[in-house]
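Novice: So that we are looking at the same thing, I have put the structure below in structure tokens.
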Amino acid sequence: MAIKYPANPQVAQTELDAHVREIIQWHFSPETGCPFWLDWAKKNFDPRTEVKCFADLMQKFPHFQDEWLRDEQPEVWAPAAFKGQPFNIFETGGTTGMPKQRIGWNDYKVDYSEFAEKISDEHFPRNHYWLMMGPTGPRRLRLAIEHLANVRGCSCYFLDLDPRFVKKVISNKQFDVARSYMDHVVDQAITLLKHRKISALFTTPKLLEALAEKVNIFEAGIRGVFCGGTTMTPQYVRFIVEEVLEGKIGFYPTYGNTLMGLAASVPIRPEDNFSITYYSPQPRAVLRIVKPSQTDTLVNYDEFGRVELTTLTKEFFMPRFLERDEAIRRAARAPYQWDGVGDVRPFGAMEKTIVEGVY
Amino acid sequence: MSLPHIPILRLGRSYESLDKVTIANCRNGEAVAQVSTVNAGILRKDLQKVPAARAALKKFTTAQLLEITSKAADLFLTATLPLGDKGHMQSPEDFAKTLSSTSGLPHVMVRRNMTRIHAAMSNMKSMLNGLTRGLDLTILDRGFGEQSGTKVSFYSTTQALGLVMPSNSPAVNSLWLPAIALKTPVILKPGREEPWTPYRLMQAFIAAGCPTEAFGFYPTDHEGAAEILRSCDRALIFGDKTTTAQYANNPGINVHGPGYSKVLIGEDEIERWPEFIDLIAESISANGGRSCLCASAVVVPKYAAEIADAIAKKIGPYTPTAPDDEKAVLSGFANAKMADYIDGAIDADLKTAGATEATTKYRNGPRKAVVDGSIYLRPTIVHCESFAHPLANREFLFPYASVVQCSQAEMLSKIGYSLVTTAITKDEAWIAQLLECRDIDRLNIGPISTMKISWDQPHEGNMFEFLYKRRSFERA
Chain A
26 MAIKYPANPQ
36 VAQTELDAHV
46 REIIQWHFSP
56 ETGCPFWLDW
66 AKKNFDPRTE
76 VKCFADLMQK
86 FPHFQDEWLR
96 DEQPEVWAPA
106 AFKGQPFNIF
116 ETGGTTGMPK
126 QRIGWNDYKV
136 DYSEFAEKIS
146 DEHFPRNHYW
156 LMMGPTGPRR
166 LRLAIEHLAN
176 VRGCSCYFLD
186 LDPRFVKKVI
196 SNKQFDVARS
206 YMDHVVDQAI
216 TLLKHRKISA
226 LFTTPKLLEA
236 LAEKVNIFEA
246 GIRGVFCGGT
256 TMTPQYVRFI
266 VEEVLEGKIG
276 FYPTYGNTLM
286 GLAASVPIRP
296 EDNFSITYYS
306 PQPRAVLRIV
316 KPSQTDTLVN
326 YDEFGRVELT
336 TLTKEFFMPR
346 FLERDEAIRR
356 AARAPYQWDG
366 VGDVRPFGAM
376 EKTIVEGVY
Chain B
11 MSLPHIPILR
21 LGRSYESLDK
31 VTIANCRNGE
41 AVAQVSTVNA
51 GILRKDLQKV
61 PAARAALKKF
71 TTAQLLEITS
81 KAADLFLTAT
91 LPLGDKGHMQ
101 SPEDFAKTLS
111 STSGLPHVMV
121 RRNMTRIHAA
131 MSNMKSMLNG
141 LTRGLDLTIL
151 DRGFGEQSGT
161 KVSFYSTTQA
171 LGLVMPSNSP
181 AVNSLWLPAI
191 ALKTPVILKP
201 GREEPWTPYR
211 LMQAFIAAGC
221 PTEAFGFYPT
231 DHEGAAEILR
241 SCDRALIFGD
251 KTTTAQYANN
261 PGINVHGPGY
271 SKVLIGEDEI
281 ERWPEFIDLI
291 AESISANGGR
301 SCLCASAVVV
311 PKYAAEIADA
321 IAKKIGPYTP
331 TAPDDEKAVL
341 SGFANAKMAD
351 YIDGAIDADL
361 KTAGATEATT
371 KYRNGPRKAV
381 VDGSIYLRPT
391 IVHCESFAHP
401 LANREFLFPY
411 ASVVQCSQAE
421 MLSKIGYSLV
431 TTAITKDEAW
441 IAQLLECRDI
451 DRLNIGPIST
461 MKISWDQPHE
471 GNMFEFLYKR
481 RSFERA
């Protein structure tokens with residue numbers, strides 16, 4: 026499936042506006058919409074008459090509240106059009122208390138089928154084997170990675186990893202326990218690499234680093250690494266590329282979560298100085314970089330701001346959700362004809378210490 | 011001209027990171043240099059190469075390395091040496107000015123620290139003689155030999171010495187200097203405001219002929235520091251009580267925290283107390299009161315109020331001066347928050363009954379003073395009625411001391427840990443008790459400044475015994 030990108034930013038904007046109208050119509054029509062948004066429209070306004078383009082959506086909708094994903098039962102998010110079809114329940118966060126939950130049917134397959142076209146056969150040989158060494162459990166990622174491997178004709182080995190446990194022990198300053206758990210996970214990966222033919226690896230940067238300290242991953246057969254997680258400063262990316270992967274293994278950083286899907290990065294050019302820029306899978310999801318103190322205003326290009334996510338699929342509508350991340354607003358870069366987000370890091374990273382655990 | 015950039019030294023390879031911190035003049039905020047910083051992962055990578063670094067040093071005999079150390083001493087003190095990787099050079103005068111501008115130390119104190127470091131390096135042979143108790147150093151080259159008619163063999167306890175350095179006083183670098191002659195590479199994380207001294211020392215060693223592989227210079231974060239301590243089998247860490255407490259029971263880590271050094275006067279000598287005021291004042295205020303060797307408590311069997319007043323009269327009037335004043339006696343604070351914290355903590359504890367500040371009347375102004383953009387804390391002497399008072403056994407980064415009255419019979423059970431104790435007494439029975447006291451690290455009997463260092467005696471642990479172990483040995 027070849028991806029068809031808009032020819033220029035104007036076309037991208039036109040396509041986005043049309044997609045917004047379609048999604049609004051879907052989620053706020055009684056025959057297709059979900060109880061939550063239909064009820065919301067009764068208490069607020071009917072977006073079908075007031076939202077005609079993306080700019081309207083940004084102007085007229087308030088920020089999506091993450092409490093809604095914690096407090097409401099999952100069925101309130103099920104569009105009428107999916108009635109009778111059991112859904113997946115995916116979780117995000119949840120180190121303490123109730124996690125955020127998102128339901129879904131096929132979105133993850135669409136997102137990852139699209140991404141499957143963005144990685145090269147050289148680094149991710151088709152009809153081979155993958156290993157996922159990353160957060161599993163109730164996360165969408167577990168199924169998504171398997172689907173991605175399958176789309177490319179591959180099968181995938183998995184290791185259990187509970188990031189909530191890691192965050193908890195690090196917050197409690199039980200560093201030995203965290204280290205021991207990380208070693209436990211990495212040792213399992215080493216065993217699989219030793220006994221099975223594996224050419225592709227999905228993992229987090231910290232786990233990748235820990236694995237490479239114990240085994241030469243190129244000699245173990247790995248040719249491509251698909252990495253997800255949060256903070257990767259340019260220097261850290263350089264460290265991964267030059268010293269962990271030793272310039273011999275393809276590196277594909279991604280930014281994403283259960284609520285958005287997957288934003289792929291563009292290849293690093295010399296002038297990027299190892300700074301990574303991600304582009305959302307527009308029009309299914311839109312990332313904006315807004316001023317933290319005035320979240321209806323975009324920051325200028327090449328300035329840091331808070332990441333705001335809008336998800337626009339028939340399975341899930343989530344307008345203007347303020348992520349717990351900050352990033353640099355970057356200009357469009359081919360093949361993407363919309364803004365990118367660069368050097369993503371936890372929101373407030375410059376002011377306080379953030380526990381990222383195995384990420 | 012561009013700002014100097016101090017790179018990472020990766021055991022023989024200079025590395026410019028994309029992550030850099032700017033070090034600023036603490037008086038006017040002007041940028042002085044950029045320093046590359048790295049993550050713990052790079053350290054872990056490099057620590058795998060440490061055996062090669064040690065092999066590079068082992069090609070030299072101990073005698074050759076002592077010669078290099080001696081040459082490096084002179085270069086450190088007098089030569090113009092490279093500063094970073096952008097073509098900048100640094101004369102000794104530049105070094106004094108730069109270090110002063112980022113640490114707050116006046117030039118005269120920087121120069122005194124330089125002299126101290128120079129002396130440590132120049133006296134390395136006698137230092138090793140003292141630390142090894144006269145060992146024939148060729149035995150370290152061969153690995154075995156005979157000493158006083160006994161077969162001896164020594165093996166190294168580590169491939170590298172890890173160092174997590176402070177920013178408060180350049181002379182602390184003298185602690186790691188024996189490592190080079192003892193064929194042990196160093197993996198060093200400099201203090202945030204003080205990359206200058208260890209970097210210059212490494213440049214001096216390299217210029218003197220030491221292999222570049224012997225030096226790891228890694229400005230890094232907490233995780234990186236923890237990695238140094240975890241991965242090097244032997245390491246030194248400097249820090250406050252909280253930092254050092256977590257490593258207190260690790261035999262591979264030599265902890266350098268507050269010194270809590272003290273001057274004690276015995277009952278037999280107390281009537282002569284006025285004769286000792288100059289010595290006590292110097293012990294409290296030398297090096298701006300920043301050394302762990304500086305006395306932070308004076309313990310006397312009587313006349314505590316009078317002694318506190320006499321010391322206060324002597325050092326209370328000390329005032330901040332321009333950094334280049336040759337008579338400067340106080341050091342500024344690079345970190346204004348630290349000065350605020352200390353000032354506030356002393357005022358808060360003075361509200362607890364049983365303590366009186368003796369310096370107030372001689373100071374003519376508040377403790378905290380701002381001069382030419384630099385923040386100073388002026389000397390503070392507090393008379394405490396007992397050791398129970400929260401200010402009785404405290405150490406701060408400026409000339410501060412308590413004067414506590416306590417009977418001689420109770421003194422040794424009350425003083426707690428003391429890096430240096432000067433006990434002014436001729437009472438042999440008490441001297442015997444002092445010699446038995448396990449709370450005292452270095453003991454001076456008689457009127458000797460707590461600041462006095464003998465190169466042939468260990469300071470806070472014996473570096474030779476830390477880096478080498480003796481094994482039983484036979485050879486057919």
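If you're matching them up, the sequences are chains A and B in order. Heads up, the first sequence is in our numbering, so the first residue is 26 and it goes up one at a time. Heads up, the second sequence is in our numbering, so the first residue is 11 and it goes up one at a time. Just so you know, even glycine gets a beta-carbon here, dropped at the ideal spot from N, CA and C.
#1: Closest Cβ-Cβ distance between Asp29 (chain B) and chain A: below 7 Å?
#2: Using DSSP bridges, identify the partner residues of Pro430 (chain B).
#3: Cβ of Glu381 (chain A) less than 7 Å from any chain B Cβ?
#4: Alpha carbon to alpha carbon, how far is Gly373 (chain A) from Glu381 (chain A)? Give it in angstroms, no decimals.
#5: For Val414 (chain B) versus Ala402 (chain B), is the C-beta distance shorter than 7 Å?
#6: Taking 6 Å as the limit between beta carbons, can you name the residues of its chain near Val369 (chain A), skipping five residues before and five after?
#7: Return helix, strand or coil for Ile293 (chain A), following the three-state DSSP convention.
#8: Would you mind telling me which residues of chain B sit closer than 8 Å to Asn131 (chain A), beta carbon to beta carbon, in chain order?
#9: Can the beta-carbon of Ile450 (chain B) be found closer than 7 Å to that of Phe286 (chain B)?
#10: Please report how far the alpha carbon of Thr378 (chain A) lies from the alpha carbon of Gly234 (chain B), in whole angstroms.
#11: Who are Asn264 (chain B)'s beta bridge partners in DSSP?
#12: What are the partner residues of Val381 (chain B), as DSSP defines its beta bridges?
#13: Against chain B, does Arg263 (chain A) count as a neighbour if the rule is that its beta carbon must be under 7 Å from one of theirs?
#14: Quick one: measure Cβ to Cβ for Gly226 (chain B) and Val196 (chain B), integer angstroms, because I've assumed they're closer than 8 Å.
#15: According to the Cβ coordinates, are Ser24 (chain B) and Asp95 (chain B) closer than 7 Å?
#16: Quick one: is Gly22 (chain B) near chain A, going by C-beta distance under 7 Å?
#17: Enumerate in chain order the residues of its own chain whose CB-to-CB distance from His172 (chain A) is below 8 Å, with the five nearest sequence positions on each side excluded.
#18: Name, please, each residue of chain A whose Cβ falls closer than 7 Å to the Cβ of Lys55 (chain B).
#19: Could you give the C-beta distance for Thr283 (chain A) and Arg167 (chain A), rounded to a whole number, given that I count them as a contact under 8 Å?
#20: Counting only beta-carbon atoms, is Glu171 (chain A) nearer than 7 Å to chain B?
#21: For the putative contact between Val339 (chain B) and Ser295 (chain B), defined by C-beta atoms under 8 Å, what is the C-beta separation to the nearest angstrom?
#22: Using DSSP's beta-bridge definition, name the partner residues of Cys22 (chain A).
#23: Measuring alpha carbon to alpha carbon, tell me which of B:Met461, B:Asp288, B:Arg20, B:Gly342 ends up nearest Leu60 (chain B).
#24: Helix or strand or just coil, what does DSSP make of Tyr133 (chain A)?
#25: Are Ile317 (chain B) and Trp283 (chain B) touching if we call contact CB-CB under 7 Å?
#26: Nearest CA to the CA of Arg240 (chain B): which residue from A:Arg355, A:Gly246, A:Phe200, A:Tyr277?
#27: Could you tell me whether the Cβ atoms of Phe476 (chain B) and Thr142 (chain B) are closer together than 7 Å?
#28: When you compare only the Cα positions, how much space is there between Thr74 (chain A) and Asp321 (chain A)?
#29: For Glu238 (chain A) and chain B, any beta-carbon pair shorter than 7 Å?
#30: Using a Cβ cut-off of 8 Å, which residues of the region 222-234 of chain A contact any Cβ in chain B, in chain order?
#31: Could you name each continuous alpha helix (DSSP H) segment of 4 residues or more that falls completely within the region 70-153 of chain A, going from the start of the chain to the end?
#32: Work out the CA separation of Arg354 (chain A) and Gly330 (chain A) for me, nearest whole Å.
#33: Rounded to whole angstroms, how far is the Cβ of Lys424 (chain B) from the Cβ of Phe406 (chain B), which I believe are closer than 8 Å?
#34: Measuring alpha carbon to alpha carbon, tell me which residue in B:Glu203, B:Pro327, B:Gln157, B:Asp278 is nearest Glu438 (chain B).
#35: Examine chain A for any beta-carbon lying closer than 7 Å to the beta-carbon of Ile52 (chain B), and answer yes or no.
#36: Report back the beta-carbon spacing between Pro308 (chain A) and Leu287 (chain A) to the nearest angstrom; my notes put them in contact at under 8 Å.
Specialist: Taking the coordinates as given:
#1: yes
#2: Checking the sequence, you will find Val at residue 430 (chain B) rather than Pro. Partner(s): B:Arg452.
#3: For Glu381 (chain A), the predicted structure reports a pLDDT of 49, less than 50, and the residue's modelled location is therefore unreliable. A value from the coordinates is still provided. Taking Cβ atoms only, chain B never reaches closer than 7 Å to Glu381 (chain A), which makes this a no.
#4: The predicted position of Glu381 (chain A) is uncertain, since its pLDDT is 49 and thus under 50; a value taken from the coordinates is nonetheless stated next. Straight-line Cα distance between these residues: approximately 13 Å.
#5: yes
#6: Tyr280, Asp350, Ala352, listed in sequence order.
#7: Judged by DSSP in its simplified three-state form, Ile293 (chain A) adopts coil rather than helix or strand.
#8: None at all; the shortest Cβ gap to chain B is about 38 Å.
#9: One thing to note: Ile450 (chain B) has its Cβ no nearer than 7 Å to the Cβ of Phe286 (chain B).
#10: No answer about Thr378 (chain A) holds up, because its pLDDT of 46 lies below 50 and its placement is not dependable.
#11: B:Leu246
#12: B:Ser384
#13: The beta carbon of Arg263 (chain A) falls within 7 Å of a beta carbon belonging to chain B, placing the residue at that interface.
#14: 6 Å
#15: yes
#16: Output row for Gly22 (chain B): interface = no.
#17: For His172 (chain A), where only same-chain residues beyond five positions count, the Cβ hits under 8 Å are Tyr133, Lys134, Tyr137, Ser138.
#18: Glu268
#19: Contact doesn't hold; Cβ gap of about 11 Å is too wide.
#20: Closer than 7 Å: no.
#21: Correct: roughly 6 Å between the Cβ atoms.
#22: In the structure as shown, chain A begins at 26 and stops at 384. Residue 22 (chain A) is therefore absent and cannot be evaluated.
#23: The sequence given here has Val at residue 60 (chain B), not Leu. Closest by alpha carbon: B:Arg20.
#24: helix
#25: yes
#26: A:Phe200
#27: Taking 7 Å as the Cβ cut-off, Phe476 (chain B) and Thr142 (chain B) do not qualify as a contacting pair.
#28: 21 Å
#29: yes
#30: Taking 8 Å as the Cβ-Cβ cut-off against chain B, the residues of the region 222-234 of chain A that qualify are Glu234.
#31: 72-75, 79-85, 91-96, 132-141
#32: 7 Å
#33: With 8 Å as the limit, Lys424 (chain B) and Phe406 (chain B) do not qualify as a contact, their Cβ atoms being about 20 Å apart.
#34: Of B:Glu203, B:Pro327, B:Gln157, B:Asp278, the residue nearest in Cα terms is B:Asp278.
#35: Interface residue, yes.
#36: No, Pro308 (chain A) and Leu287 (chain A) are not in contact; Cβ-Cβ is about 15 Å, not under 8 Å.
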